[in-house]
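Here this note's numbering is used: position 161 in the sequence shown is 271, and no number is missing along the way.
Where is the CB? At the ideal position from N, CA and C, for every residue including glycine.
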Amino acid sequence: MKSEKAGFMTRQVHAGEVEDAFGSATVPIYQTSTFKFKNADHGAACFSGESDGYIYTRLGNPTIDALERAVANLENGFAGIATSSGMAAITTVYLAFLGAGKHIVSHNSLYGPARGVMETVFSRFGVQYSYIDTTDLDQVRRAIRPETTMIYTETPANPTIGISDLKALAEIAHEHNIPLVVDNTFCSPYLQRPLDLGADVVVHSMTKFLNGHADIVAGMIVSASEKYHKMLKPVMANMGCNMDPHQAYMVHRGLKTLGLRIERAQQSAQKIAEFLESHPKVAWIKYPGLKSHPQYALAQQQMHGPGSMMSFELKGGLESGKRMMDSVELILLAVSLGGVESLIQHPASMTHSKISHEKKIEANITDGLVRLSVGIEDVEDILADLTQALDKV
Ligand SMILES: *Cc1c(COP(=O)(O)O)cnc(C)c1O
C-alpha cells in the first residue's frame, strides 16, 4: 500500500495487499500445507530465519500473513497473529504470559469462556486469578500482587457494556512492568484502538465485526511491540491454533467493508437505543451513545463512536426475557454479534445460564438483561420487530 498514513477506510481496503505474478486484485488463497525449498541451503536459511521464505502453513502462509498485516495496520500495532478462533487468540495470550504461580487480574464481566477456561483449565496448572471490576481502578490496583503478570480487560464489557479506562489501566500495568491485554472485539479498530491508548496487546474474535458476515469463526492477536509478538508467535505455532488460508481469505474479504458496516449499524443503534430508553417495558438500557450511560464521558473520549451493541433490562425478569426471545421475527435469536444481521440474546437463559446466581449478580447479569447487536437492515424494520416483540412481553 502506498501510504501507511492513509485514512482508515483506505487502509481497510488496501492494507496487506500483495503483488503476485498475475496482478491479482485480491490476495490469492495459497491453499497449501507446505512450501518447496529451492535447495538444501535455501531450506536451511528459511529455518534459521536468514530467509523469510515460507516453510509450513502452521508457521506462516502468504494469505494469512496478508490478513495479519491488514489488522495490525488498522490497530496501529507492530504485528498480528491470526488464530483459528477468538478463544484460540485468548488462550494463546494466557499461555504466553502466565504460568504456575503466576496471577492474572481480569474483568469480572467478560466473554464467558475467557473466564471459564481460566477457572476450569488454567487453574489446574497453578495459574492464579482475580476477577474484579476493571471499570473501578482502585479495585485493579488492590488486586495486583507480586506474581501478577498481566491485566486483561474487555471494553465495552460483555454483556454489561461497562467501560474501562484503557489509558489509566495501561499506566497501572506499566507501573508494575506487566502488559495490558484488551479484547477489542466489541469495537473493532474502527471504533477503538487500545494500542494507541497504551495497551500492549489486543485480541479479537474476528468472528464478529472484522469478518462481519456470520460465516466464519476466527481470531487475531495484535502486539504493540516486537517483544510481545515474539513471546506470542511461537506459542500459537506450537499449539497449532493457526488459521486456515481459506478462512483468512474470507475474513480479509469481510474486513474491507468494516467501517461502512459499523457506520450504518451505529446510526440505527442510536435510534433503537433512544426508542428502548423511552419504552415502558424497559427498566433501563446501557448504550455508550446515551447520556444516561454511567461512563458516557469516558466513551466519548476513548471510543470513536458508540457502536452497535447494547444491553437493556426488561421489567419482569426471566419470564419477560424468554417471552421477548420467543417473539422476535426479523432479529435472529442467536449468540454472537457484529454481523450484518441483527442478533438478540438473553444471557440469563443462554450464554450465562451455567454461571452461579452469585457470580451473575457480581457480574451485573440480571434476569431480564437482553443483549442486542444491531445489524445493517433498515432501521424501521428492526424497530417494528422490537415493537411487536415488546408488545407480547
Ligand atoms: C465471541 C467472542 C470471543 C470468542 O471468540 P470466538 O471466535 O467465538 O472463539 C471472545 N471475546 C468476545 C468479546 C467475543 O464476543
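Enclosing alpha helix (DSSP H) for residue i [first to last residue]
i    : result
H124 : F118 to H124
V361 : P355 to L365
G196 : G196 to F207
D293 : No alpha helix (DSSP H) contains D293, which is instead part of the beta strand (DSSP E) from L290 to D293.
A504 : The requested residue 504 does not occur in the structure, where the chain is confined to residues 111 to 503.
I174 : P172 to L184
Y406 : Y406 to Q412
M460 : Run containing M460: none; DSSP gives neither H nor E here.
V345 : E336 to M349
A499 : V489 to D501
Y300 : S298 to L301
I471 : H467 to E472
I282 : L276 to E285
P223 : G222 to T230
F132 : F132 -> no alpha helix (DSSP H), and no H or E assigned at all.
S437 : G427 to S437
G153 : A150 to S158
A324 : Neither: A324 is in no alpha helix (DSSP H) and is coded neither H nor E.
L447 : Unbroken run through L447: none, as it is neither H nor E.
R255 : Where R255 is concerned, there is no enclosing alpha helix (DSSP H), given that its DSSP letter is neither H nor E.
Candidates the options, of which the one nearest residue i by Cα
i    : options                   : result
A180 : V123, D248 and R225       : V123
M564 : N294, H467, L500 and K337 : Not covered by the structure: residue 564. The range shown for the chain is 111 to 503.
K340 : A176, L479, P299 and F207 : F207
G252 : I214, P269 and L482       : With the sequence shown as reference, residue 252 is identified as Arg, and Gly is not the correct amino acid for it. With distances taken between Cα atoms, R252 lies closest to I214.
F118 : A182, C156, A154 and I441 : A182
G236 : H323, G209 and S466       : G209
L365 : G126, P269 and P172       : G126
L177 : M330, L342 and G133       : M330
S274 : P299, H284, L307 and N287 : L307
R363 : G133, L320 and C351       : L320
A499 : H462, A283 and I441       : I441
V203 : L290, E185, V250 and I165 : L290
S335 : Y359, G350, V361 and L305 : L305
L184 : Q302, S463, Q410 and M349 : Q302
G322 : I165, E451 and P416       : E451
R255 : A280, N287 and K277       : N287
I492 : H462, L453 and T476       : L453
V445 : Y221, Q377 and L279       : Y221
S278 : R234, A189, Q412 and K148 : It should be noted that the sequence gives Ala, not Ser, for residue 278. With distances taken between Cα atoms, A278 lies closest to Q412.
D310 : S158, M260, V480 and E129 : M260
T497 : T136, S161, E468 and V438 : V438
Residue range of the unbroken beta strand (DSSP E) whose run includes residue i
i    : result
G478 : Note, G478: premise wrong, no beta strand (DSSP E); not H, not E.
G329 : G329 to S333
I372 : Note, I372: premise wrong, no beta strand (DSSP E); alpha helix (DSSP H) at L368 to E387.
A393 : V392 to K396
7 Å CB neighbourhood of residue i in its chain, flanking five on each side removed
i    : result
Q357 : I326 and A328
M353 : I174, A192, T193, S194 and A328
P223 : M197
A375 : S418, V484, G485 and I486
R433 : K502 and V503
N218 : Y241, I242, D243, E472 and A473
A199 : T193, V313, H314, G329, M330 and I331
A409 : I273, P398, H403 and P416
Y140 : N171, P172, T173 and P355
Q249 : I242 and D243
Beta-carbon contacts of residue i that lie in its chain and below 6 Å, excluding the five residues immediately before and after
i    : result
K318 : T295, L447 and G448
Those residues which DSSP pairs with residue i across a bridge
i    : result
S483 : M419 and L453
S315 : G329
H217 : I242
E264 : D293
T144 : Y166
L424 : V392
L440 : Per DSSP, none; premise fails for L440.
8 Å Cβ shell around residue i - same chain, five flanking residues per side excluded
i    : result
I395 : A383, L386, E387, S402, M420, S421, F422 and E423
S430 : K391, L424, G478 and V503
T142 : T167, N171 and P355
V227 : M197, I200, T201 and Y204
8 Å Cβ cutoff, residue i in contact with chain B
i    : result
Q380 : The chain labelled as chain B is not found in the depicted structure, where only one protein chain is given.
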